[in-house]
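Trainee: One structure follows; several queries about it will come next.
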Amino acid sequence: MARASARHILVSNEVQCADLKSQIEAGAEFAALAKEHSSCPSGAQGGELGSFGPGQMVPEFDKVVFSAPVGEVQGPVKTQFGYHLLEVTSRED
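Be aware that the sequence shown starts at 84, since it is given in the working numbering, and climbs by one per residue.
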């Protein structure tokens with residue numbers, strides 16, 4: 084069964100999400116931005132979500148996590164919780 088590890092930053096609007104992605108692309112540290120801006124409790128751990136399998140996260144999240152290249156920041160991804168930046172840190176198929 085496939086497993087993945089990922090981290091994310093959750094914010095309430097797409098503009099802020101896109102701005103954070105630009106900061107990461109310009110060299111800002113993902114974990115530091117997660118600690119400062121993410122509204123998810125995982126922000127305290129730099130956005131780390133640990134390891135999970137398909138179907139354990141909301142569908143929009145799952146789709147990206149189980150298809151995106153490892154180590155590339157994806158997003159904004161809209162879910163019922165808000166807007167996410169996602170980075171798959173590892174995946175086993």
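Glycine included, C-beta positions come from ideal geometry on N, C-alpha and C.
Starting from the N-terminal side, write out each stretch of the beta strand (DSSP E) that is 3 residues or longer and does not extend beyond the region 117-152.
Mentor: Runs of the beta strand (DSSP E) inside the region 117-152: 131-135.
Trainee: Cβ atoms of residue 167 and residue 156: under 8 Å apart, would you say?
Mentor: Result no, Cβ atoms of residue 156 and residue 167 do not sit closer than 8 Å.
Trainee: Would you call the region 137-146 in contact with the region 92-104, where contact means no fewer than 3 C-beta pairs closer than 8 Å?
Mentor: Counting Cβ pairs under 8 Å, fewer than three are found: no touch.
Trainee: Hey, would you say residue 90 sits closer than 8 Å to residue 154, going by beta carbons?
Mentor: In this structure, residue 154 does not lie closer than 8 Å to residue 90 by Cβ.
Trainee: Using a Cβ-Cβ cutoff of less than 6 Å, which residues in the same chain neighbour residue 250 once the five nearest sequence positions on both sides are dropped?
Mentor: The question about residue 250 has no answer, for the chain in this structure spans 84 to 176.
Trainee: Quick one: what does DSSP say residue 157 is sitting in, helix, strand or coil?
Mentor: Reduced to three states, the DSSP call for residue 157 is strand.
Trainee: Which residues bound the alpha helix (DSSP H) around residue 101?
Mentor: 97-108 is the span of the alpha helix (DSSP H), which, as asked, contains residue 101.
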